[in-house]
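Data first, discussion second: the structure below is written as structure tokens.
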Amino acid sequence: MNKRVLLVFALLMSSTLVSAQSIKAPKGRIAIVADGNSPDPDDLGGTAITLALLKATALTDRLVHYSHSCDLVRVDRISEAAEKERHAMMQTACDGTARRWGGFEHITFWDAKWQLDQTIKDLSKAINASTADDPLWIIEAGEPDIIGFALDATPKEKHKFVKVITHHPANDDAGDFYKWKQILDFGVEEVRIPDQNTYLKVKESQWDWAKNHPDDRMQFIWLMGKLAEIDNVVKFQKGYWDCSDAGMVLYWITGATNGGLKEGKVEDVKALLLNYLDKKEK
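Residue numbers (mature numbering (1 follows the signal peptide of the UniProt record, and there is no 0)): -20 to -1, 1 to 262.
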């Protein structure tokens, strides 16, 4: 009897996991604006996971913009030398993950601070292409300034087809040129989900499965998160593997406002990535 109960419980848990992992991205395209050059280095792991998730769910063609290092004014908490290093690491997280996982040949990974004009033009182009049947979902994975500049450079009538996903007030009002209210004043739709740090900033040991995985694509992802953990600018990442911003992409992939996973966990990320790698091996 006990074995039978355990079997039923295991089947129910498996069914729940599969249900949570259903891939049902909403109509439209996705744009991602990350920082990583700010004092918090969590975007290194977040970027790697984000790109891998899009590849694992066959949604790379829906990505129309990716920029990093969107913290446009350096603060004293990070030195000029350390910030320069971060720009290089973020570019490596983008280019390295994209090359290893594939499917991003159509994307230029812009350095928002060092390629400001090109970044704004690229995001503006994505906004201008938006329609009711093909909206743009912007992931706010850093300060909102780039989003504000792009909205300001595009026609007002396009903004009603733009949705901005956010999960943390620390990003919303961290801009040097735009605050969150100003972003909303453009007429975009706010899509707010809970703080993704709750379940996606975890003890490093919870990612040993990636570190020890035989596929170097998973090892590379783990390494990007490890770079953030050993970062010596901030202390609050010590002992943690953090891909919190990728939770917004996980939410979008699993349905967004139509039942998307609002509080994704490491197990959810793991299931999607390993399912993809297992299929590729067969």
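The beta-carbon is built from N, C-alpha and C at its ideal position, and this holds for glycine as well.
If you're wondering where the values come from, they're calculated on a predicted model, not measured in any experiment.
Quiz item: Less than 9 Å separating the beta-carbons of Cys223 and Gly25?
Solution: Pairing Cys223 with Gly25 gives a Cβ-Cβ distance under 9 Å.
Exercise. Can you tell me which of Ala78, Lys143, Gly205, Leu180 puts its alpha carbon nearest to the alpha carbon of Leu241?
Key: Ranking Ala78, Lys143, Gly205, Leu180 by Cα distance to Leu241 puts Leu180 first.
Self-check item: Run of the alpha helix (DSSP H) containing Val229, from where it starts to where it stops
Solution: Boundaries of the alpha helix (DSSP H) around Val229: 226 to 233.
Quiz item: If you draw a straight line from the C-alpha of Gln176 to the C-alpha of His148, how long is it?
Solution: Distance between the alpha carbons of Gln176 and His148 is about 8 Å.
Exercise. Starting from Glu170, trace the alpha helix (DSSP H) both ways and give me its first and last residue.
Key: Membership of Glu170 in any alpha helix (DSSP H) is not indicated; the residue belongs instead to the beta strand (DSSP E) covering 169 to 172.
Quiz item: Thinking just about the alpha-carbon of each residue, which of Pro174, Lys143, Gly205 is nearest to the one in Asp165?
Solution: Among Pro174, Lys143, Gly205, the Cα nearest to that of Asp165 belongs to Lys143.
Quiz prompt | Ranges of the alpha helix (DSSP H) found wholly within the region 123 to 155, counting only runs of at least 4 | solution = Within the region 123 to 155, the complete alpha helix (DSSP H) segments at least 4 residues long are 125 to 132, 149 to 152, listed from N- to C-terminus.
Quiz item: Exposed or buried, Ser49, counting other C-beta atoms within 10 Å across all chains shown (16 or more means buried)?
Solution: Counting Cβ neighbours within 10 Å, Ser49 comes out buried, since at least 16 surround it.
Quiz item: Alpha carbon to alpha carbon, what distance is there between Val213 and Arg57?
Solution: Taking the straight line joining both Cα atoms gives about 7 Å.
Exercise. State the start and end residues of the unbroken beta strand (DSSP E) segment that holds Asp23.
Key: Membership of Asp23 in any beta strand (DSSP E) is not indicated; the residue belongs instead to the alpha helix (DSSP H) covering 23 to 36.
Quiz item: Using the rule of at least 16 other Cβ atoms within 10 Å of the residue's Cβ for burial, across every protein chain shown, is Phe216 buried or exposed?
Solution: Burial call: exposed.
Practice problem: Decide if Arg197 is buried, meaning its Cβ has at least 16 other Cβ atoms within 10 Å, or exposed. | Solution: Counting the other Cβ atoms within 10 Å of the Cβ of Arg197 gives 16 or more, which makes it buried.
Quiz item: Between the C-alpha atoms of Val246 and Tyr256, what's the straight-line distance to the nearest angstrom?
Solution: Going by the C-alpha atoms only, they are around 16 Å apart.
Self-check item: C-alpha distance - Lys159 paired with Lys101, whole-angstrom precision
Solution: For Lys159 and Lys101, the distance between alpha carbons rounds to 20 Å.
Quiz item: Is it right to say Trp94 is buried, meaning 16 or more other beta carbons lie within 10 angstroms of its own, or is it exposed?
Solution: It counts as exposed.
Quiz prompt | Every unbroken beta strand (DSSP E) inside the region 29 to 114 [3 residues or more] | solution = Complete beta strand (DSSP E) runs here, min 3: 43 to 48, 89 to 91.
Practice problem: Would you mind stating whether Asn238 and Pro6 have Cβ atoms separated by less than 9 Å? | Solution: Their beta carbons are under 9 Å apart, which means Asn238 touches Pro6 by this criterion.
Quiz item: How many whole angstroms separate the CB atoms of Asn17 and Glu85, which I take to be in contact at a CB cut-off of 8 Å?
Solution: In fact, because the Cβ distance is near 25 Å, the residues do not count as touching under 8 Å.
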